[in-house]
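For the sequence shown, numbering that gives the first Met the number 0 gives the first residue as 0, with consecutive numbering after it. We put the beta carbon where it would ideally sit given N, CA and C, even for glycine. Working notes, beginning with the structure itself.
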Amino acid sequence: MPTKTLTCALAIVLMGAAQADAAPACSNSGSFEKWLDGFKKDAVTAGVKPATVASTLDGMTADMSIISSDRKQGFFSQTFLDFQTKLATPNRVQSGIAKVKQQRAVFDREEKDYGVSPAVIAAFWALESDFGSGMGKKPVLRSLATLAYDCRRGEMFRQELIAALKIIDRGDLRADEMIGSWAGELGQTQFLPAHYYNFAVDYDGDGKRDLLRSNPDIIASTANFIKSLGWKAGEPWLQEVRVPAQMAWENAGLDMKLSRAEWVKMGVTGANGQKLPADTTPASLLLLMGKNGPAFLAYPNFEVFTKWNQSLNYAVTAAYLATRINGAPAMNRGSPVASLDGPQMVEMQQLLARKGYKIGEADGKLGAGTRLAIRQAQLKAGLPADGYPTQEFLTALRSGR
Numbered sequence: 000m001p002t003k004t005l006t007c008a009l010a011i012v013l014m015g016a017a018q019a020d021a022a023p024a025c026s027n028s029g030s031f032e033k034w035l036d037g038f039k040k041d042a043v044t045a046g047v048k049p050a051t052v053a054s055t056l057d058g059m060t061a062d063m064s065i066i067s068s069d070r071k072q073g074f075f076s077q078t079f080l081d082f083q084t085k086l087a088t089p090n091r092v093q094s095g096i097a098k099v100k101q102q103r104a105v106f107d108r109e110e111k112d113y114g115v116s117p118a119v120i121a122a123f124w125a126l127e128s129d130f131g132s133g134m135g136k137k138p139v140l141r142s143l144a145t146l147a148y149d150c151r152r153g154e155m156f157r158q159e160l161i162a163a164l165k166i167i168d169r170g171d172l173r174a175d176e177m178i179g180s181w182a183g184e185l186g187q188t189q190f191l192p193a194h195y196y197n198f199a200v201d202y203d204g205d206g207k208r209d210l211l212r213s214n215p216d217i218i219a220s221t222a223n224f225i226k227s228l229g230w231k232a233g234e235p236w237l238q239e240v241r242v243p244a245q246m247a248w249e250n251a252g253l254d255m256k257l258s259r260a261e262w263v264k265m266g267v268t269g270a271n272g273q274k275l276p277a278d279t280t281p282a283s284l285l286l287l288m289g290k291n292g293p294a295f296l297a298y299p300n301f302e303v304f305t306k307w308n309q310s311l312n313y314a315v316t317a318a319y320l321a322t323r324i325n326g327a328p329a330m331n332r333g334s335p336v337a338s339l340d341g342p343q344m345v346e347m348q349q350l351l352a353r354k355g356y357k358i359g360e361a362d363g364k365l366g367a368g369t370r371l372a373i374r375q376a377q378l379k380a381g382l383p384a385d386g387y388p389t390q391e392f393l394t395a396l397r398s399g400r
């Protein structure tokens, strides 16, 4: 599957994955036409111009293939190394560096106004659309209407459809220009319509917020949104580190925040062995492939990446790509032990649930809840508590340890 086709609906799929995967199965009742009639009235009540509602939604039909796409998310069950290999490619690193250089004046202005590192904006820009080459080819209004009608995440997409109509009312885009991902995202950094409406910036001064074509608008709008997520200017976000052969592995994980000085005491160093500053900067140790895989310290700004997208694989991939665009060398992939396959993951989750651990749905995906449960169970079984599912751990669970 070509990389470009993976990016255009990436954010919404991963952003909603935790809630959507845990949602009970549902089926739609009532016709789309009847639902649409009701929605039109609600849109006018919400402040959309009646003429806009009529011109965009009259005669609209549902695209049931959109619903099928929304319920297929298997790509995102991959390991971190598999995931980042497909997405944080050398080509995207070089393209990101070139884009920052090409738009240097705009990035300099943006940094003064919003304080966001150009590399971070470029990383999201690369992942979401390959700098505009993969924005999607679906009529966004039809996609949003279909997803708003669907029982799975209807209320969420109902609000997104109203926001899309308000973007038209404001004069930023015409309805026929709203071509994007099957998930209803718009622009080169794939904003949901509500984010577009609330955070898009007219940075080139032409009177429109154009995230399809205007580099200044794309850069400033992305920065504005990132700042709204809590970005702190001048602070780091992710750093590759080296961990000792033995340490208290249970301290790893986003739920554990220790000072950098405490990590230094445990023997954590920079990626090339250099000593880290022994200061009070809080950080979490991320071992997405276990103690033998790549290791990162995630600083407070990393939370922006998890707010942009709840998938830890995506968040670390985006943050890592940003460090590469910012000049960091390629990571040490380490020598991680093979992870469990899909059926084994489900079995492991079921065994953990039976033992009383909270893992959510046994869906075969290595989410934050499952990682925490693994760490807790590893400690109890006397295994290195790095939160990584291995055959040794599954064997211990099967034996009742």
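Exercise. Compute the Euclidean distance between the alpha carbons of Leu339 and Gln77, then round it to the nearest angstrom.
Key: So the two alpha carbons sit approximately 11 Å from each other.
Exercise. Could you spell out the range, first to last residue, of the alpha helix (DSSP H) harbouring Ser283?
Key: Where Ser283 is concerned, there is no enclosing alpha helix (DSSP H), although the beta strand (DSSP E) it sits in stretches over Pro281 to Leu285.
Practice problem: Please list the segments of the alpha helix (DSSP H) lying wholly inside the region 201-250, counting only runs of 4 or more residues, in order along the chain. | Solution: Counting only runs of 4+ residues, the alpha helix (DSSP H) found wholly inside the region 201-250 occupies 214-227, in chain order.
Self-check item: N-terminal and C-terminal residue of the beta strand (DSSP E) that Ala294 is part of
Solution: Run containing Ala294: Ala294 to Ala297, per the beta strand (DSSP E) assignment.
Quiz prompt | DSSP state of Phe123 mapped onto helix, strand, coil | solution = When DSSP states are grouped into helix, strand and coil, Phe123 belongs to the helix group.
Practice problem: Would you check if the distance between the CB atom of Gly135 and the CB atom of Ser180 is smaller than 8 Å? | Solution: The answer is yes: Cβ separation under 8 Å.
Exercise. Indicate whether Phe156 and Leu140 have their beta-carbon atoms separated by less than 8 Å.
Key: The beta carbons of Phe156 and Leu140 sit no closer together than 8 Å.
Practice problem: Answer yes or no: do Ala222 and Ile120 have a C-beta to C-beta separation smaller than 8 Å? | Solution: Yes, these two residues count as a Cβ contact at 8 Å.
Quiz prompt | DSSP beta-bridge partners of Ser258 | solution = Answer is Pro281, bridged to Ser258.
Exercise. Check whether the Cβ atoms of Met288 and Gly333 sit closer than 8 Å, and answer yes or no.
Key: In terms of Cβ geometry, Met288 and Gly333 form a close pair [threshold 8 Å].
Exercise. Evaluate the contact criterion for the region 319-338 versus the region 92-103: three or more CB pairs, one atom per stretch, below 8 Å.
Key: As far as the Cβ criterion goes, the region 319-338 touches the region 92-103, which means the pair count is three or higher.
Self-check item: Three-state secondary structure assigned by DSSP to Phe392
Solution: Of the three classes helix, strand and coil, the one that applies to Phe392 here is helix, per DSSP.
Exercise. Could you tell me whether the region 377-391 touches the region 235-251, using the rule of 3 or more Cβ pairs below 8 Å?
Key: Result yes; three or more Cβ-Cβ pairs closer than 8 Å.
Quiz item: Straight-line CA distance for Lys33 to Trp307?
Solution: Here the alpha carbon of Lys33 sits roughly 34 Å from the alpha carbon of Trp307.
Quiz prompt | Limits of the unbroken alpha helix (DSSP H) element including Asn291 | solution = Taken as a continuous stretch (DSSP letters only), Asn291 belongs to no alpha helix (DSSP H), as it is neither H nor E.
Quiz item: Less than 8 Å separating the beta-carbons of Ala144 and Leu164?
Solution: By the CB criterion at 8 Å, Ala144 and Leu164 fall outside the cutoff.
Exercise. Could you tell me the distance, in whole angstroms, from the CA atom of Pro342 to the CA atom of Ile66?
Key: One C-alpha to the other measures close to 25 Å.
Practice problem: Take the Cβ of Arg370 as the centre, count every other Cβ of all protein chains shown within 10 Å, and call the residue buried at 16 or more, exposed below. | Solution: When all chains shown are included, Arg370 counts as buried.
Exercise. Taking only the alpha-carbon atoms, compute the straight-line gap between Gly15 and Gln273 and give it to the nearest angstrom.
Key: Its pLDDT being 45, under 50, Gly15 is placed unreliably by the model, and nothing is read from it.
Practice problem: Quickly, what does DSSP pair Ile178 with across the bridge? List them, please. | Solution: Paired residues: Pro138.
Quiz prompt | CA-to-CA distance, Gly269 to Arg152, given in whole angstroms | solution = One C-alpha to the other measures close to 43 Å.
Practice problem: Have a look at Pro293 and Leu35 and give me their C-alpha separation to the nearest angstrom. | Solution: One C-alpha to the other measures close to 49 Å.
Self-check item: DSSP bridge partner residues for Thr268 (one or two, in chain order)
Solution: DSSP, once it has assigned bridges, lists Arg241 as partnering Thr268.
Quiz item: By Cβ distance, which residues of its chain are closer than 6 Å to Arg91, with the 5 residues on each side in sequence left out?
Solution: Excluding sequence neighbours, Arg91 sits near Ala125.
Self-check item: CA-to-CA distance, Glu346 to Asp362, given in whole angstroms
Solution: Roughly 10 Å separates the two Cα atoms.
Quiz item: To the nearest angstrom, how far is it from the Cα of Ala87 to the Cα of Thr51?
Solution: Their Cα atoms are separated by approximately 40 Å.
Quiz item: How close, in whole Å, do the beta carbons of Asn214 and Val105 come, if the pair is a contact with beta carbons under 8 Å?
Solution: Yes, they are in contact, since the Cβ atoms of Asn214 and Val105 sit about 6 Å apart, within 8 Å.
Practice problem: In angstroms with no decimal places, state the Cα-to-Cα distance between Phe392 and Glu154. | Solution: If you draw a straight line from the Cα of Phe392 to the Cα of Glu154, it comes to about 40 Å.
Self-check item: Residue span of the alpha helix (DSSP H) that contains Asn197, given as start and end
Solution: Counting along the chain, the alpha helix (DSSP H) containing Asn197 begins and ends at Pro192 to Phe198.
Quiz item: Grouping DSSP H, G and I as helix and E and B as strand, with all else coil, what is Leu56?
Solution: Three-state result, Leu56: helix.
Quiz item: From the beta carbon of Asn331, is the nearest beta carbon of chain D less than 8 Å away?
Solution: Here there is only one protein chain, and chain D is not present.
Exercise. Return the CA-CA distance between Gly58 and Lys39, expressed in angstroms with no decimal places.
Key: Going from the Cα of Gly58 to the Cα of Lys39 covers about 12 Å.
Practice problem: Tell me, to the nearest whole angstrom, how far the beta carbon of Thr55 is from that of Ala174; I am working on the premise that it is less than 8 Å. | Solution: A Cβ-Cβ distance of about 5 Å is found for the pair Thr55 and Ala174, placing them in contact under the 8 Å criterion.
Quiz item: To the nearest whole angstrom, what separates the beta carbons of Ala282 and Leu257, a pair I think is in contact under 8 Å?
Solution: Confirmed, Cβ separation roughly 7 Å.
Quiz item: Which same chain residues, not among the five before or five after Ile178, have their C-beta less than 8 Å away from its C-beta?
Solution: A distance below 8 Å between beta-carbons, with the five flanking residues on each side excluded, links Ile178 to the following residues of its chain, in chain order: Met134, Gly135, Lys136, Lys137, Pro138 and Val139.
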